[in-house]
Amino acid sequence: MCCDLKRRFLLLYATQKGQAKAIAEEICLQAGAHGLEADMHCLSEMDKYNLETEKDPVVIVISTTGTGDPPDTARKFVKKIRDKTLPPDHLAHLQYGLLGLGDSEYTFFCNGGKTVDRLLQELGAQHFYDTGLADDCVGLELVVDPWIDGLWLALKEVFLLQKEKEGMSNNVSADPRAGHEMNLSSKIQDLKLEDEGVRSFDDPSQKLLDINVASTRDTEPSLVHSVPPISQSALNIPVLPPEYIEVQFQDTQGENPHPSSLLSEGAAFEVPVTKASQLTRKDAIKTALLLELDIADTAFDYQPGDAFCVICPNNVSEVEELLHILGLSEKGENFVCVKVKQDTKKKGATRPQHIPERSTLKFILTWCLELRAIPKKAFLRALVECTSDAGEKRRLQELCSKQGASDYTRFIRESNVCLLDLLHAFPSCKPSLNLLIEHLPKLQARSYSVSSSNLYQPGKLCFVFNIVEFPACPTRPVLRKGVCTGWLAELVAPLLHPSKDTLDVKRESSPTEKICIFARPNNTFHLPSDPSVPFVMVGPGTGIAPFIGFLQHRQKLREKHTDWKFGETWLFFGCRHQDRDYLFKQLRCFLENGTLTHLKVCFSRDSSTAEVAQPKYVQEVIRLYAKEVARVLLKEGGYFYVCGDKKHMADDVSDAIVDILSIEMEVDKLEAMKTMAMLREAKRYLQDVWS
Ligand code: FAD
Numbered sequence: 001m002c003c004d005l006k007r008r009f010l011l012l013y014a015t016q017k018g019q020a021k022a023i024a025e026e027i028c029l030q031a032g033a034h035g036l037e038a039d040m041h042c043l044s045e046m047d048k049y050n051l052e053t054e055k056d057p058v059v060i061v062i063s064t065t066g067t068g069d070p071p072d073t074a075r076k077f078v079k080k081i082r083d084k085t086l087p088p089d090h091l092a093h094l095q096y097g098l099l100g101l102g103d104s105e106y107t108f109f110c111n112g113g114k115t116v117d118r119l120l121q122e123l124g125a126q127h128f129y130d131t132g133l134a135d136d137c138v139g140l141e142l143v144v145d146p147w148i149d150g151l152w153l154a155l156k157e158v159f160l161l162q163k164e165k166e167g168m169s170n171n172v173s174a175d176p177r178a179g180h181e182m183n184l185s186s187k188i189q190d191l192k193l194e195d196e197g198v199r200s201f202d203d204p205s206q207k208l209l210d211i212n213v214a215s216t217r218d219t220e221p222s223l224v225h226s227v228p229p230i231s232q233s234a235l236n237i238p239v240l241p242p243e244y245i246e247v248q249f250q251d252t253q254g255e256n257p258h259p260s261s262l263l264s265e266g267a268a269f270e271v272p273v274t275k276a277s278q279l280t281r282k283d284a285i286k287t288a289l290l291l292e293l294d295i296a297d298t299a300f301d302y303q304p305g306d307a308f309c310v311i312c313p314n315n316v317s318e319v320e321e322l323l324h325i326l327g328l329s330e331k332g333e334n335f336v337c338v339k340v341k342q343d344t345k346k347k348g349a350t351r352p353q354h355i356p357e358r359s360t361l362k363f364i365l366t367w368c369l370e371l372r373a374i375p376k377k378a379f380l381r382a383l384v385e386c387t388s389d390a391g392e393k394r395r396l397q398e399l400c401s402k403q404g405a406s407d408y409t410r411f412i413r414e415s416n417v418c419l420l421d422l423l424h425a426f427p428s429c430k431p432s433l434n435l436l437i438e439h440l441p442k443l444q445a446r447s448y449s450v451s452s453s454n455l456y457q458p459g460k461l462c463f464v465f466n467i468v469e470f471p472a473c474p475t476r477p478v479l480r481k482g483v484c485t486g487w488l489a490e491l492v493a494p495l496l497h498p499s500k501d502t503l504d505v506k507r508e509s510s511p512t513e514k515i516c517i518f519a520r521p522n523n524t525f526h527l528p529s530d531p532s533v534p535f536v537m538v539g540p541g542t543g544i545a546p547f548i549g550f551l552q553h554r555q556k557l558r559e560k561h562t563d564w565k566f567g568e569t570w571l572f573f574g575c576r577h578q579d580r581d582y583l584f585k586q587l588r589c590f591l592e593n594g595t596l597t598h599l600k601v602c603f604s605r606d607s608s609t610a611e612v613a614q615p616k617y618v619q620e621v622i623r624l625y626a627k628e629v630a631r632v633l634l635k636e637g638g639y640f641y642v643c644g645d646k647k648h649m650a651d652d653v654s655d656a657i658v659d660i661l662s663i664e665m666e667v668d669k670l671e672a673m674k675t676m677a678m679l680r681e682a683k684r685y686l687q688d689v690w691s
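The sequence shown begins at 1 in the UniProt record's numbering and counts up one residue at a time.
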């Protein structure tokens, strides 16, 4: 019955870091197993598809970047469908399903997907399947997997309806039973039974093995141990992704490309680190460092409020460890040639752009692949095939199976397990290099907010960061540091005075260490163009970073333009302890020279001796100055900036402002929220928040 159904669908993706593309590829792969054909393209390849004439269903997978923007590759597409001159039925013929990816740690969750969805709806396009919004904060797969599972049925429903329509218009039914004995859902059920997208393992000897293993082990499940019911169930595991990369080892002659040449984002600059300071005391919970870069000899330019990206390598000892486990320690310096396998079954396979065609093995593992990435289920599925121990094999199957979804969440995703952790836990697993290249994502450059002004420190760029630390746990016996912050901390250690306990210890040094950076322009998080406009800055912890740049810039403008009128400036800062992590005590200087009009600070972990309890968090302090904040925003057309490392802070501040507006304007909360939306729209309420 199904062989004559129309089975093509258009699959479009827009990706920033590769996740949307990986998911689209997974859909493409599964489509084959469901007897469907996905015609897959990046949204940017607008010459390869045409929604205006598209008759088949369309599936869109799209991520979100920046402050709720669609990825760069979707920009042209969004511009096209945003065209206000298009009639409201422009895409009325189109049936689509959309999967948005985002991170609820950020305020505009999945906004890239939501925007495209809304614009398509406004042009009359119709959903054939409910929109899915997947949250990277809790695990994309929690939404992605069931969304893909449901997609097949929804697609087949569309094909059947199309077929019935065609049948009716021809006045002849293609299926002799159509519309009579069989209803639609029973037909779909037929199709479902014909699917071969999943394989189940219900070999009785396999079950026996697992029961025995479980009975001799702990009753508590862990990454490597499973307990009933999963240890005894038949499993639905994903289709084995076809291998598509071929690596050929060569000699050790030649030169590696420069890491910056792997960039698709634009020009990178190699710049010396000229200063490093530890801003926190030794006993602070987090260690914050300030680095100064010398950009004088480069064309790199920035405005206060901009962020930029640092190209970072993986940890040297992790690379060595991986080489050792893979049995490739001797070959680290050998060049490898990476190509697409000639006979691969993967459709449209190409060499990942972030892997050079020829470079040493160490180069690939150091600069190209995110070794710390949490392995996706497809990767686990592929690892099953390289594992010799039956018990380990079974556990890996469980972890990527439908039945093992909660174990995957608990022991892989929430435990932040990476490839090395897996290879330690499953010692008989020996993946080949090509598998790593196929499944590990690109090692991403990390973003940092500029914490200086090019007027105040010409030719310099400063930034501040906390050294990220992941404590030891059962799956990770040693403490690990963040990829980039751990590397930077090690790199600049010789520039610091580690023995002193005082804040702001600085030392000039000959510029020896260099790092590679590139611009990450931000069009809105900048000082008001009119200096007479007042503004409020809220930046607890390292969120203070861009505001140091704002204040330095402002100070120079005031010195240079004594005849200009400057609006008042407010800064709300918070940290844990006044004497341990008050990052920039020189804020007082800005206050004393009049650059900063109001400085309000709070300390969340200091015990107070005051009779009246002191506010602990910035949002509480802001509420104390409700009248002034409302005046700046409502009467004086002022700006409000929030920067920091957690969505919760940004949300709490935003709630405080809505309450303030509601009280001061004497309107209900809904009206206050509308005013807030207007402020955001007018780019007068601006956020730069990261997790
Ligand atoms: P990574 O190795 O990438 O680890 C960081 C994250 O990975 C963790 O938060 C966690 O989610 C996850 N993770 C990985 N492994 C584990 C594990 N074993 N256990 C638990 N979690 C794990 N940061 C600053 O300090 N200062 C700034 O000024 C700044 N500005 C930014 C501006 C923008 C626009 C953006 C997007 C981000 C900014 N950041 C800033 C954040 C910064 O880009 C990095 O994310 C941060 O420094 C951590 O990078 P890392 O490589 O050291 O850590």
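Glycine included, each C-beta is placed from N, C-alpha and C at the ideal position.
The structure presented is a predicted model; accordingly, all values stated were derived computationally and were not measured.
Taking 6 Å as the cut-off, is the C-beta of residue i nearer than that to any heavy atom in ligand 1?
i	result
F525	no
G482	yes
V384	no
W690	yes
R680	no
S452	no
A545	yes
S447	yes
A307	yes
V273	no
V492	no
Based on the DSSP secondary-structure assignment, which residues constitute the bridge partners of residue i?
i	result
R476	C473
S662	Its beta-bridge partners do not exist; DSSP assigns none.
Y685	F640
S277	L290
Q250	For Q250, which the question treats as bridged, DSSP gives no partner whatsoever.
I311	C516
Hey, how far is the Cα of residue i from the Cα of residue j?
i	j	result
A337	L361	Note that residue 337 is Cys in the sequence shown, not Ala. If you take the alpha carbons of C337 and L361, they lie about 9 Å apart.
L422	A267	36 Å
R623	R684	19 Å
V144	E321	33 Å
A349	L328	26 Å
L209	S226	Legend: pLDDT at L209 = 35, less than 50; position of this residue unreliable, value from coordinates given subsequently. Their Cα atoms are separated by approximately 12 Å.
L495	A276	6 Å
V384	Q397	6 Å
N314	I467	15 Å
Q457	P427	53 Å
R476	N236	29 Å
V653	Q619	5 Å
E246	L435	9 Å
S317	W367	14 Å
Y390	T219	A small fix is needed here, since residue 390 is Ala in this sequence, not Tyr. So the two alpha carbons sit approximately 20 Å from each other.
D659	T53	49 Å
Excluding sequence positions up to five away, which residues of its chain have a Cβ less than 8 Å from the Cβ of residue i?
i	result
C473	S415
D668	S662
H643	The residue asked about is misnamed: residue 643 is Cys in this sequence, not His. Same-chain partners within the cutoff: S449, F525, M537, V538, G539, G543, I544, A545, P546, F547, Q687, D688 and V689.
Q552	P304, S452, S453, L455, Y456 and Q457
Take residue i and list the residues in its own chain whose beta-carbon comes closer than 6 Å to its own, dropping the five residues that flank it on each side.
i	result
A134	L101, L140, V143 and V144
S104	D135 and C137
G305	F525, H526 and P546
M46	none
G132	L99, V143 and W147
S509	With a pLDDT of only 49 at S509, under the threshold of 50, the placement of this residue in the model should not be trusted; the figure read from the coordinates follows. Excluding residues within five positions, the ones whose Cβ falls inside 6 Å are L495.
Using a Cβ-Cβ cut-off of 7 Å (strictly less than) and excluding sequence neighbours within five positions of residue i, which residues of its own chain qualify?
i	result
T115	P70 and V78
T298	F269 and V271
E370	L440, P441, K442, L443 and Q444
P176	Any reading at P176 must be qualified, since the residue scores a pLDDT of 37, below 50, and its modelled position is unreliable; the value itself is stated next. Nothing meets the Cβ criterion.
G124	P88, D89, H90, L91 and A92
Looking at ligand 2, does it come within less than 6 Å of residue i, judged from the CB to the closest heavy atom?
i	result
V642	Absence of ligand 2 is noted for the structure shown, with ligand 1 being the only ligands found.
- Query: Can you list the alpha helix (DSSP H) stretches of 4 or more residues lying completely in the segment 509-586, in chain order?
  - Reply: Counting only runs of at least 4 residues, the segment 509-586 fully encloses the following alpha helix (DSSP H) elements, listed from N- to C-terminal order: 545-560.
- Item | alpha helix (DSSP H) runs contained entirely in the segment 410-460, provided each spans 4 or more residues | Fully enclosed alpha helix (DSSP H) runs of 4 or longer: 419-425 and 433-439.
- Item | 4 or more residues per run - each alpha helix (DSSP H) lying fully within the UniProt domain "Flavodoxin-like" (9-152) | Those alpha helix (DSSP H) runs which fall completely within the UniProt domain "Flavodoxin-like" (9-152) and span 4+ residues are 19-33, 75-81 and 111-122.
- In chain order, which continuous runs of the beta strand (DSSP E) of length 3 or greater are located wholly inside the segment 351-422? If we require 3 residues or more, the beta strand (DSSP E) runs fully inside the segment 351-422 come out as 358-360.
- Message: What ranges does the alpha helix (DSSP H) occupy inside the segment 321-347, keeping only unbroken runs of at least 4 residues that lie completely in it?
- Response: Correct list: empty.
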